[in-house]
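**Q** Here our numbering is used: the first residue of the sequence shown is 10, the next is one more, and so on.
From the three backbone atoms N, C-alpha and C, an ideal C-beta is built for every residue, glycine too.
If you scroll down you'll find the structure; I have some questions about it.
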Amino acid sequence: MTDTIDLPVEEAAAETPPAAAPRRKLFIKSYGCQMNAYDAQKMTDLLAPAGFDETQSLDEADLVILNTCHIRERAAEKIFSELGKVRAVKNTRRAEGRATQVVVAGCVAQAEGGEIVRRQKAVDLVVGPQNYHRLPDLLRRAEAAPVIDTEFPAEDKFDHLPRAPRSATQARGITAFVTVQEGCDKFCTFCVVPYTRGAEVSRPVEKIVAEVEALAEAGVRELTLLGQNVNAYHGEGPEGRIWSLAKLCARLAEIPGIARLRYTTSHPNDMDAELIAAHRDLPALMPYLHLPVQTGSDAILAAMNRKHDRAAYRRIIDRLRGACPDIALSSDFIVGFPGESEADFAATLDFIREITFASAFSFKYSPRPGTPGADLPDQVPEDVKIARLAALQELLDAQRQAFNAGLVGRTLAVLFEKKGRHAGQIAGRSPYLQPVQVDAPETMIGQVLPVEITGVATNSLFGRLAAEETKRL
Ligand code: SAH
Ligand code: SF4
Ligand code: F3S
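In structure tokens, the structure reads:
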């Protein structure tokens, strides 16, 4: 099977350098969420026919792309310190007669645009998350003078992105991300995403199916469907009707080779009855859901504009557990949102005890320029945020450890992904995304097999193949 690149002929020809042109090196680093990681893969696939091979070494890179995240201040500021390092490398290379193009992509690019070039002169190109399909052309233009491209384009970038070559998909392993929805219309008062990623848009079903068929054909067994609000998915189906995420999942589960489906990130208000039922009816859908709640205080939920209260979240969890008793939950929490009192914070701890989470991400509130939260009175002092975060994480950590310990002695379906840490071991993932190390032959990589969990370490589980599998060896 030859590698196929799904570009119209003229476009493919335009991007292909003359045979004699030397290949160049691309260093690309992605920050932030999985959608950024997916975009970075797409940029790599797009630049391959334009003559770029990926490198892990900044020093040898002819092209450096930082795919940035703007979600919290620390994430955004990190980019400028990274750019300082990149500038030093660019200067050294210039002294040696080698040119380096520097690109800032992603959400900082979208939010700060030309300001980035003013702050860091080494940057040649600033390109937003909806515009990177134009990279080859933008890079040519940026050879003359810095270019900023952050206008939301009329065209759909996905129509201009090549399909990953089979070899690239295989090198990425048997799990894959697929963006099915982008943008957010929710406008939580703390969040930059509606500004950096724009309005909610869903990709049409047929395009997603075609992408997944190619992934499955290259050996992918597990998909994570991505969207800033993935369960608000409402893409056009082949018959012209609007499809929900539940219906999309059912269709993707039919594709030969696809054994497991996950989706992230969801908003509680978009957890509809059909999607809850899919957790009962669709075996490929993993019993693990990341459903951010942010806080357990009704007053803070309202101030955050989450548009649901604590009782509504609780009802969704009860229905999910009714549909799928095995389901484990993960969430996001913010401490120190403006106005958060000790009582509000205590309500969050209490809510965590009430629901019980298998894992979670938690953050100190970071005021983001341009969001309503940044202008609210009663900003919480840093030392209070630090103390609340520590208390919250202690509780969440204890719940995670209890969840993991509770799996010992149980038999879980593990999808084996790669060689393990030690000779004779292979590593896979449980339905709950935990890495599992098992003594088993490499021929089992790619299979989903029952594993009896025998032990737990901080970040992984240990197990042995369940008896019936051991007999087959
Ligand atoms: N779309 C997802 C989350 C996107 S951002 C959702 O709706 O839940 C991922 C997480 O970052 C959020 O859930 C939130 O917990 C955190 N976050 C977003 N903005 C933040 C801010 N200004 N300060 C601290 N944490 C923030
Ligand atoms: Fe941000 Fe809220 Fe949209 Fe999630 S739902 S991306 S937290 S605005
Ligand atoms: Fe960050 Fe943008 Fe994702 S702000 S979390 S990279 S959508």
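Using only alpha-carbon positions, find the residue among Asp-146, Arg-172, Val-135, Ala-180 that is nearest to Thr-159.
**A** Val-135
**Q** Unbroken beta strand (DSSP E) runs of length 3 or more, entirely within the stretch 51-122: which are they?
**A** Within the stretch 51-122, the complete beta strand (DSSP E) runs of at least 3 residues are 61-63, 72-77, 110-114.
**Q** Within 10 Å of its beta-carbon, does Asp-353 have 16 or more other beta-carbons around it, so buried, or fewer, so exposed?
**A** buried
**Q** Count the C-beta pairs between the stretch 318-333 and the stretch 354-366 that are closer than 8 Å, then say yes if the count reaches three, no if not.
**A** yes
**Q** Between Gly-379 and the ligand F3S, is there a pair consisting of the residue's CB and a ligand heavy atom that are separated by less than 7 Å?
**A** Taken from the Cβ of Gly-379, every heavy atom of the ligand F3S lies 7 Å or farther away.
**Q** Span of the alpha helix (DSSP H) holding Phe-412?
**A** Run containing Phe-412: 391-414, per the alpha helix (DSSP H) assignment.
**Q** Give me the Cβ distance between Leu-72 and Gln-110, rounded to the nearest whole Å; I'm assuming they're in contact under 8 Å.
**A** 5 Å
**Q** Grab the span of the beta strand (DSSP E) containing Pro-444 for me, first residue to last.
**A** 444-448
**Q** State the Cα-Cα distance for the pair Leu-385 and Pro-347, rounded to the nearest angstrom.
**A** Using only the alpha carbons, I get a separation of about 6 Å.
**Q** Which partner residues does Val-189 have in the DSSP bridge list?
**A** Paired residue(s): none; Val-189 is not in a bridge.
**Q** Note the first and the last residue of the continuous alpha helix (DSSP H) segment covering Glu-226.
**A** 214-226
**Q** When you compare each of Tyr-40, Gly-464, Val-187, Val-98 to Pro-213 by their alpha carbons, which one comes out closest?
**A** Val-187
**Q** CB of Gln-119 to nearest heavy atom of the ligand SF4: below 7 Å?
**A** no
**Q** Does the stretch 295-307 come close enough to the stretch 328-341 that 3 or more CB-CB pairs lie under 8 Å?
**A** yes
**Q** Where does the unbroken alpha helix (DSSP H) through Gln-179 begin, and where does it stop?
**A** 175-181
**Q** With burial defined as no fewer than 16 other Cβ atoms inside 10 Å of the residue's Cβ, what is the status of Pro-440: buried or exposed?
**A** buried
**Q** Spatial neighbours of Ala-120 within its chain, please: CB distance less than 6 Å, with the 5 preceding and 5 following residues excluded, ordered by chain position.
**A** His-79, Thr-205
**Q** Under 8 Å by Cβ, that's how I've got Gly-236 and Glu-191 pegged, so tell me the actual separation to the nearest angstrom.
**A** 6 Å
**Q** Could you check the C-alpha separation between Arg-315 and Thr-467 for me, to the nearest Å?
**A** If you take the alpha carbons of Arg-315 and Thr-467, they lie about 33 Å apart.
**Q** Taking the alpha helix (DSSP H) that Val-126 belongs to, which residues open and close that run?
**A** 124-128
**Q** How close, in whole Å, do the beta carbons of Thr-64 and Val-113 come, if the pair is a contact with beta carbons under 8 Å?
**A** Contact doesn't hold; Cβ gap of about 19 Å is too wide.
**Q** Using 8 Å as the threshold, is the C-beta distance between Ile-157 and Glu-231 below it?
**A** no
**Q** In three-state DSSP terms, what is Leu-170?
**A** coil
**Q** Label Leu-470 either buried or exposed according to how many other C-beta atoms from any shown protein chain fall within 10 Å of its C-beta, with 16 as the threshold for buried.
**A** buried
**Q** Can we count Gln-190 as close to the ligand SF4, meaning its CB is less than 7 Å from some heavy atom?
**A** no
**Q** According to the Cβ coordinates, are Gly-305 and Arg-328 closer than 8 Å?
**A** no
**Q** Should Gly-106 go down as buried or exposed, given a rule of 16 or more other Cβ atoms within 10 Å for buried?
**A** Taking all protein chains in view, the Cβ of Gly-106 is surrounded by fewer than 16 other Cβ atoms within 10 Å, so the residue is classified as exposed.
**Q** Three-state secondary structure (DSSP) at Phe-354?
**A** helix
**Q** Near Asn-240, which residues of its chain fall below 8 Å by C-beta distance, leaving aside the five closest residues on each side in sequence?
**A** Leu-254, Tyr-272, Ser-275, His-276, Asp-279, Met-280, Asp-281, Leu-284
**Q** For Ile-435 versus Ala-449, is the C-beta distance shorter than 8 Å?
**A** Taking 8 Å as the Cβ cut-off, Ile-435 and Ala-449 qualify as a contacting pair.
**Q** So, with DSSP's three-state summary, where would you put Ala-436?
**A** strand
**Q** Looking at the strands, I want to know which residues DSSP matches up with Thr-273.
**A** The partner list for Thr-273 (beta bridge, DSSP) reads Leu-235.
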